[in-house]
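In this note's numbering, the protein residues as written are 12 to 312. Report on the structure given below.
So, in structure tokens, the structure goes:
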């Protein structure tokens, strides 16, 4: 039997490659192909083959950070969490929500341009920041150097730009007063980006991802895409599913949101089109998700 193991990380437990290795161990004697996936957050680099370059950039609170990224065949892949992530400051308790900057992410993009990248994929998620991408924009090369570069932002949320602080601020350690201040800053940035870049980021669906970094990069000419769909297409996931007898996917918690813009939902949809059986493994599977999986005739564990 030909088994395809393709999942996102199980946060705090397994990376996507480790999940694949566990499936391979359990399916000993069968042919197992491991394809790590991600929705645009942490794990995006693994989905594209892992990092092959390192650059020191400005961390979220100003300290230098040695950051891994990837460049291959003209395509650069960057995880903003590795440059501007909450984990770099020790979590919410160690963060300064008012000072946290995306400068390091902008520096990585600039480095990728300097290295000759013609396509740059920036995976969002796990950020410490709510600076609306201002730090990143200040670190980017001149607009003329971005011409001809396809800047793509991979994300999995639909939050609007000015809602970023209200939605994500608490998990980054922001108090109610700080959230009000951060929201006011984002509202001012809408005007700045409109006047200086000719971009109206206020109503961009997903513009609030990573504390507004998505909207800031849109102002610099980027386009936003569903991370799960983008990565599935980039790694030719449908072709791999079509060649399999069984697809095994999953995530740490499978719930109603798993079917909307997430890896589990994307895999199930592609497998249905390819008429391939699917097994979903979850550290926890909510009741509504179990019913949904049963309705889709998808096995779960």
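For each residue, glycine too, the CB sits at the ideal point set by N, CA and C.
Asked: Can you tell me whether residue 69 is helix, strand or coil according to DSSP?; Found: strand
Asked: At what residue ranges does the region 203–290 contain a whole run of the beta strand (DSSP E), taking only runs of 3 or more?; Found: 234–237 and 257–265
Asked: Taking only three categories from DSSP, how would you classify residue 164?; Found: strand
Asked: Report, in whole angstroms, the separation of the C-beta atoms of residue 278 and residue 289, which I expect to be a contact under 8 angstroms.; Found: 7 angstroms
Asked: List the whole-angstrom C-beta distance separating residue 238 from residue 165, where the pair is believed to meet the contact cut-off of C-beta under 8 angstroms.; Found: 4 angstroms
Asked: Quick check: the region 246–262 against the region 187–206, are there 3 or more CB pairs under 8 angstroms?; Found: no
Asked: Kindly list the residues whose CB is nearer than 6 angstroms to the CB of residue 63, restricted to its own chain and excluding five residues on each side of it in sequence; keep chain order.; Found: 81
Asked: Whose C-alpha, out of 157, 98 and 42, is nearest the C-alpha of residue 130?; Found: 157
Asked: Would the region 124–141 count as touching the region 83–96 if we require 3 or more Cβ pairs under 8 angstroms?; Found: yes
Asked: Using the Cβ count rule (16 or more neighbours within 10 Å means buried), how would you classify residue 112?; Found: buried
Asked: Between which two residues does the alpha helix (DSSP H) holding residue 35 run?; Found: 27–37
Asked: Residues bridged to residue 174 by DSSP?; Found: Beta-bridge pairing links residue 174 to no other residue.
Asked: With a Cβ-Cβ cutoff of 7 angstroms, do residue 227 and residue 144 count as a contact?; Found: yes
Asked: Can you give me the Cβ contacts of residue 300 inside the same chain, cut-off strictly under 7 angstroms, excluding the 5 residues immediately before and after it?; Found: 265, 266, 267 and 269
Asked: Residue 191 by DSSP, collapsed to three states: which one?; Found: helix
Asked: Looking at residue 242: is its Cβ nearer than 7 angstroms to the Cβ of residue 119?; Found: no
Asked: Measure the alpha-carbon distance for residue 44 versus residue 36 and round it to whole angstroms.; Found: 12 angstroms
Asked: Work out the CA separation of residue 114 and residue 71 for me, nearest whole Å.; Found: 7 angstroms
Asked: Please say whether residue 51 and residue 142 have beta carbons closer to each other than 7 angstroms?; Found: no
Asked: Classify residue 126 as buried or exposed, calling it buried when 16 or more other Cβ atoms lie within 10 Å of its own Cβ.; Found: exposed
Asked: Cβ atoms of residue 150 and residue 121: under 7 angstroms apart, would you say?; Found: yes
Asked: Apply the 10 Å Cβ neighbour rule to residue 272 and answer buried if 16 or more other Cβ atoms are within range, or exposed otherwise.; Found: buried
Asked: Is the separation between the beta-carbon of residue 148 and that of residue 231 shorter than 7 angstroms?; Found: yes
Asked: So the beta strand (DSSP E) residue 305 belongs to, where does it begin and stop?; Found: No beta strand (DSSP E) holds residue 305; the alpha helix (DSSP H) holding it covers 298–306.
Asked: Where do the ends of the alpha helix (DSSP H) carrying residue 76 lie?; Found: Unbroken run through residue 76 is the beta strand (DSSP E), 75–83; no alpha helix (DSSP H).
Asked: Report the option in 31, 116, 186 and 181 whose CA atom is closest to the CA atom of residue 258.; Found: 31
Asked: DSSP three-state label for residue 59, please.; Found: coil
Asked: Report buried or exposed for residue 154, applying the criterion of at least 16 other Cβ atoms within 10 angstroms of its Cβ.; Found: exposed
Asked: Mind checking who residue 309 pairs with in its DSSP beta bridge?; Found: Answer by DSSP bridge pairing: none, since residue 309 is not bridged.
Asked: Would you report the Cα separation of residue 295 and residue 312, rounded to the nearest angstrom?; Found: 9 angstroms
Asked: For residue 260 and residue 240, what's the separation of their Cα atoms in angstroms?; Found: 15 angstroms
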